[in-house]
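Q:
Residue numbers (this note's numbering): 1 to 178.
As structure tokens, then:
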């Protein structure tokens, strides 16, 4: 008897063609793959934890600009999501978009309107009214100002916000322990 190469013998003698092809393989891959559930569940848990950690439901200011040193205060309240006007020693920004120079605004003692700031706030107001047509406009804005900024600049920012229809001005501060 000659020595033969070993081959699969199980179920080879069944006369049905599809069984023979299935047993011998014929180079076809199995169509019915199973998803490994344990790594998939681990991935979903990590994703949910990441999203929960990065989500802020209280609306607190997460993105404090590094160039701004905010003042401390004992009596504070949670803020709501509103347009943020940031004032540092170089620029005045509305939601991260530059609207004016701080040094230029601080040169004159006269209370003037900052027109680019007013235009930006009015655009935000129109967006809010489009999204919430049945609710009255609250006119809330958050001012995030450096503690060393001249009050004349902050006064101009507040005057411009009031001119644009934002009468409810909140200041972002660091909460100090009582």
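Glycine included, each C-beta is placed from N, C-alpha and C at the ideal position.
What three-state label does DSSP hand residue 84 in the structure shown?
A: Translated into the one-based positions of the chain shown, residue 84 becomes position 84. Of the three classes helix, strand and coil, the one that applies to residue 84 here is strand, per DSSP.
Q: For residue 169 versus residue 143, is the C-beta spacing smaller than 7 Å?
A: Counting from one through the chain shown, the residue named residue 169 turns up at place 169. Counting from one through the chain shown, the residue named residue 143 turns up at place 143. Yes, the Cβ-Cβ distance between residue 169 and residue 143 is below 7 Å.
Q: By a C-beta neighbour count over all protein chains shown, 10 Å radius and 16 as the cutoff for buried, is residue 146 buried or exposed?
A: By one-based count along the chain shown, residue 146 stands at place 146. It is buried - the Cβ of residue 146 has at least 16 other Cβ atoms within 10 Å.
Q: Since residue 83 and residue 117 should fall inside the 8 Å C-beta cutoff, what is the C-beta to C-beta distance between them, to a whole number of angstroms?
A: For the purposes of this step, residue 83 is taken as the residue at position 83 of the chain shown. For the purposes of this step, residue 117 is taken as the residue at position 117 of the chain shown. The pair is not a contact, with the Cβ atoms about 10 Å apart (cut-off 8 Å).
Q: Under three-state DSSP, which class holds residue 44?
A: Translated into the one-based positions of the chain shown, residue 44 becomes position 44. Helix at residue 44.
Q: Do the CB positions of residue 91 and residue 159 come within less than 7 Å of each other?
A: The residue given as residue 91 occupies position 91 in the chain shown. The residue given as residue 159 occupies position 159 in the chain shown. Remark: C-beta atoms of residue 91 and residue 159 do not approach each other more closely than 7 Å.
Q: Going by beta-carbon coordinates alone, are residue 97 and residue 86 separated by less than 7 Å?
A: The residue labelled residue 97 in the question sits at position 97 within the chain shown. The residue labelled residue 86 in the question sits at position 86 within the chain shown. No; because the gap between Cβ atoms is not below 7 Å, this pair is not in contact.
Q: For residue 2, which residues from the same chain have a beta carbon less than 8 Å from its beta carbon, with the 5 sequence-adjacent residues on both sides left out?
A: Numbered from its first residue, the chain shown carries residue 2 at position 2. Result list for residue 2: empty, nothing under 8 Å.
Q: In whole angstroms, what separates the C-alpha of residue 61 from that of residue 33?
A: To locate residue 61, count along the chain shown from 1; it is residue 61. To locate residue 33, count along the chain shown from 1; it is residue 33. Here the model assigns residue 61 a pLDDT of 47, short of 50, so the residue's position is not dependable, and the following value carries that caveat. The straight-line gap from Cα to Cα measures roughly 47 Å.
Q: Pull up the distance between the alpha-carbon of residue 162 and that of residue 172, whole angstroms please.
A: Position 162 of the chain shown holds residue 162. Position 172 of the chain shown holds residue 172. Looking at the two C-alpha atoms, the distance is approximately 17 Å.
Q: Please name the residue or residues paired with residue 101 in a DSSP beta bridge.
A: Reading the chain shown from its first residue, position 101 is the one you call residue 101. Its beta-bridge partners are 91.
Q: Is residue 167 near the ligand ZN, with its Cβ less than 6 Å from a heavy atom?
A: In the structure on display, the ligand ZN does not appear, and there are no ligands present to speak of.
Q: Examine chain E for any beta-carbon lying closer than 7 Å to the beta-carbon of residue 5, and answer yes or no.
A: Protein chains in the displayed structure number just one, and chain E is not present.
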